[in-house]
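Take 397 as the starting number for the sequence shown in our numbering and just add one per residue.
A virtual CB, placed ideally from N, CA and C, is assigned to each residue, including glycine.
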Amino acid sequence: MVFVRLDSYSLLICCNYFHSVRDIVHLVMVNSKFKETFSKLHFNPVPLDSHSFPFFSHLQTFWVYSQDNPWLDSDQITKYHVHYQISYSQYCVIVKQQSKPIDFRKVSYSKEDYILYGINIPTIVTKLDDYLFSFSRIKTFCIPNHIVEIGNECFYNCRSLSSITLSSNLTRIGIGAFDSCSCLKSIHLPQLLYSINQNTFFNCSSLTEIKYPPHLNQIDDYAFLGCGFKFLSLPSTIVKLGVGCYHQCSLTSLVIPESISSIGTKCFNKNDQLLNVFLPDSITELEDSMFESCENLQSIRASSKLSKIGNKCFYNCKSLHFTSHFFDHLMCIGDCCCFGCKNISFLHLSFTCLSHLGQNAFSNTPLQSVVLPSSLFFLSSSFAFCTSLTSIHLPSSIKNLSGSFNGCLSLKEITLPQSITSLGEETFKNCSQLKSILLPSSLIQLPNYCFFGCESLINIEIPATVTRFGLYCFKDCKHLTQIQIPKKLLCIGAHCFENCIFLESVLFYNSLERLEDCCFLFCLGLEEIHLPTSLTYIGQDSFANCVQLKKVTGKTDLCFANQHSFFNTPYSSQLNL
397 MVFVRLDSYS
407 LLICCNYFHS
417 VRDIVHLVMV
427 NSKFKETFSK
437 LHFNPVPLDS
447 HSFPFFSHLQ
457 TFWVYSQDNP
467 WLDSDQITKY
477 HVHYQISYSQ
487 YCVIVKQQSK
497 PIDFRKVSYS
507 KEDYILYGIN
517 IPTIVTKLDD
527 YLFSFSRIKT
537 FCIPNHIVEI
547 GNECFYNCRS
557 LSSITLSSNL
567 TRIGIGAFDS
577 CSCLKSIHLP
587 QLLYSINQNT
597 FFNCSSLTEI
607 KYPPHLNQID
617 DYAFLGCGFK
627 FLSLPSTIVK
637 LGVGCYHQCS
647 LTSLVIPESI
657 SSIGTKCFNK
667 NDQLLNVFLP
677 DSITELEDSM
687 FESCENLQSI
697 RASSKLSKIG
707 NKCFYNCKSL
717 HFTSHFFDHL
727 MCIGDCCCFG
737 CKNISFLHLS
747 FTCLSHLGQN
757 AFSNTPLQSV
767 VLPSSLFFLS
777 SSFAFCTSLT
787 SIHLPSSIKN
797 LSGSFNGCLS
807 LKEITLPQSI
817 TSLGEETFKN
827 CSQLKSILLP
837 SSLIQLPNYC
847 FFGCESLINI
857 EIPATVTRFG
867 LYCFKDCKHL
877 TQIQIPKKLL
887 CIGAHCFENC
897 IFLESVLFYN
907 SLERLEDCCF
917 LFCLGLEEIH
927 LPTSLTYIGQ
937 DSFANCVQLK
947 KVTGKTDLCF
957 ANQHSFFNTP
967 YSSQLNL
């Protein structure tokens, strides 16, 4: 460990970081040789009052740190230094009150000053205050070079402002400074600017030309949302683009410099004229909605190290063509990532390390063939409404499908691995050409809407482990002729076999306890059923409109049945419910 001796000069430097006289007193008390510290200070590094002022025997410049600090006077004080921000009106008052020289570092020009003194900015002013020219009708403006800061929303909603020249010494432009300046056409940002604040040029719809400062390193959230840029030429020093930076602009092509390591969500979404994108190798993750609804985007070049694509990243990019290896190294594909992409037909991911495929990730695409990797365990509506999908290879690692093939109208057959323990709701809903399917033996239930609308399904073998059929599970399976009920089945959900018009026979076992409402409604081909003695409930309209149902055997004591359970069936005339 290296020890550094604290000399008197270093001590004076330290005083600049203290907050009160008490801090300096504590330091002086550490060692007797520090007792002359106060006499060596020619200005007060901390706020003073009448009690602490006598400590500084050689004070020459009196610093005033806030509006609450007193302006103390003595013969030894030759100059004042105002260290806090004041308006130009306050400056004028102070100058009249004090006879000694005053150094002002932070004088701002406020809206009240503008009303009192006009549009010409005095040279003492270094900042244009918040809201200074907001809603004004100025058309052109030149900010003088003594201005170093523009306040928040300074030119907000100046809809007539078409031209502005910025101070060459400008170091900060406030939040929303030029928000909604809809006639502003071009801007030249000064060299001393290192970042562009959020909403700075928000909705400047006519802004088509910009010159960035050479050392710019950051553009904050929504800085250029709704601008008219067609081209983007960023400096090589920039490292971060914030959320929605160029949302809903008019960009046609996009080249991102290698220096960028972070791009925020929604950064380029709704650029409907964007055609081509080139991303540097430094970008290994694409955030949520980054290119959402860029409907004319045709190509994207990304790093081979790309590992994650966020939710809705390419949502509704209808013209986008992915290269054959675009997805090769991905570990995560987010929800609705490629929803509505119309130029993707084949997805072969068998050699990838993909561990997460989000909900509706490839829904509503013209995919025809899909091969998934063994690193994947769950699907969630991932391929819903892929109406051209005819081939799907599921790895033996998959455990849950959860609605993944809802609306896949062209899917005729599928092999489900034995690893699947849950199908999830709506998994094969409206797969109108699905004719047969072999279910894994590990299933314990068929969820709601699981085979709803599978009009071509002729027969299905249900695993013996299944104990429940969910709501609408086989509704509108119009070509289903028979169903083998598992021996452990306890409940058939409401509307489960509704409108299965060719269903001729159903065999119930002595485990079944409940037949819910409308579960066999409009099963026109059903002629005979045998009710098990275990049955405790038959719901309303359970067998209603089964117009050929004449015979019911088994449990004939139907006091537990609803009065409409057999409504409009030949058998209903035999009942006295």
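Sorting Pro762, Lys607, Asn941, Leu647 by C-alpha distance to the C-alpha of Ile583 places Lys607 at the top. Per DSSP, Ile833 lies in no alpha helix (DSSP H); the unbroken beta strand (DSSP E) holding it starts and ends at 832-834. Taking the Cβ atoms as the reference, Phe723 lies roughly 16 Å from Ser759, outside the contact range of under 8 Å. Burial check for Tyr487: the Cβ neighbour count within 10 Å reaches 16 or more, so the residue is buried. Note: Ile881 is not bridge-paired with any residue in the DSSP secondary-structure output.
By the Cβ-count criterion, Glu605 is exposed, with fewer than 16 other Cβ atoms from all chains shown falling within 10 Å of its own Cβ. With respect to the 9 Å criterion, Ser818 and Leu839 are classified as neighbours on the basis of their beta carbons. A distance below 8 Å between beta-carbons, with the five flanking residues on each side excluded, links Leu524 to the following residues of its chain, in chain order: Ser504, Tyr505, Ile517, Ile539, Ile543, Glu545, Ile546, Gly547, Cys550. DSSP places Ile420 in the uninterrupted alpha helix (DSSP H) bounded by 417-424. By the CB criterion at 9 Å, Leu785 and Leu753 fall outside the cutoff.
Here Pro450 is exposed. Its C-beta has fewer than 16 other C-beta atoms within 10 Å.
Val491: member of the alpha helix (DSSP H) spanning 484-493, first to last residue.
Residue environment for Glu894: buried (at least 16 other C-beta atoms within 10 angstroms of its C-beta). In the three-state reduction of the DSSP assignment, Leu524 falls in the strand class.
Rounded to whole angstroms, the Cβ separation of Asn739 and Ser777 is 21 Å, and the two are not in contact under 8 Å. About 7 Å separates the CB atoms of Leu908 and Leu886; that is less than 8 Å, so the two are in contact.
In the three-state reduction of the DSSP assignment, Ser591 falls in the strand class, which pools E and B. Residue nearest to Asn844 within the set Asp499, Cys411, Tyr868 is Tyr868 (criterion: CA-CA distance).
With contacts defined as CB atoms closer than 9 Å, Ser771 and Cys804 fail to qualify as a contacting pair. Closest in C-alpha terms to Phe898, from the list Ile888, Cys873, Leu580, comes Cys873. If you compare the alpha carbons of Phe531, Ile925, Ser685 with that of Phe735, the shortest gap goes to Ser685. Exposure of Thr949 is indicated by the presence of fewer than 16 other C-beta atoms within 10 angstroms of its C-beta. Burial is judged here by how many other beta carbons sit within 10 angstroms of a residue's own beta carbon; Phe627 has fewer than 16 and is exposed.
Beta-bridge pairing by DSSP links Lys607 to His584. With distances taken between CA atoms, Pro928 lies nearest to Asp953 out of Asp953, Gln944, Phe747, Phe939.
In this structure, Ser961 places its C-beta atom within 9 Å of the C-beta atom of Gly935. Burial state of Ser720 is exposed, judged by a 10 Å Cβ sphere holding fewer than 16 other Cβ atoms.
Distance check between Ser800 and each of Glu821, Gly572, Gly624, Glu924 places Glu821 closest, using alpha-carbon atoms only. Tyr552 sits close to Asp575, with the two beta carbons spaced by under 9 Å.
Per DSSP, Tyr711 lies in no beta strand (DSSP E) and is assigned neither H nor E. Excluding sequence positions up to five before and after Glu681, its CB lies within less than 6 Å of the CB of Lys704, all in the same chain and listed in chain order.
When secondary structure is reduced to three states using DSSP, Thr536 falls in the strand class. Assigned with DSSP and collapsed to three states, Glu900 falls in coil, not helix or strand. In this chain, the beta strand (DSSP E) harbouring Tyr476 covers 475-478. DSSP places Glu683 outside any alpha helix (DSSP H), giving it a letter other than H or E. Taken through DSSP and simplified to helix, strand or coil, Gln970 comes out as helix.
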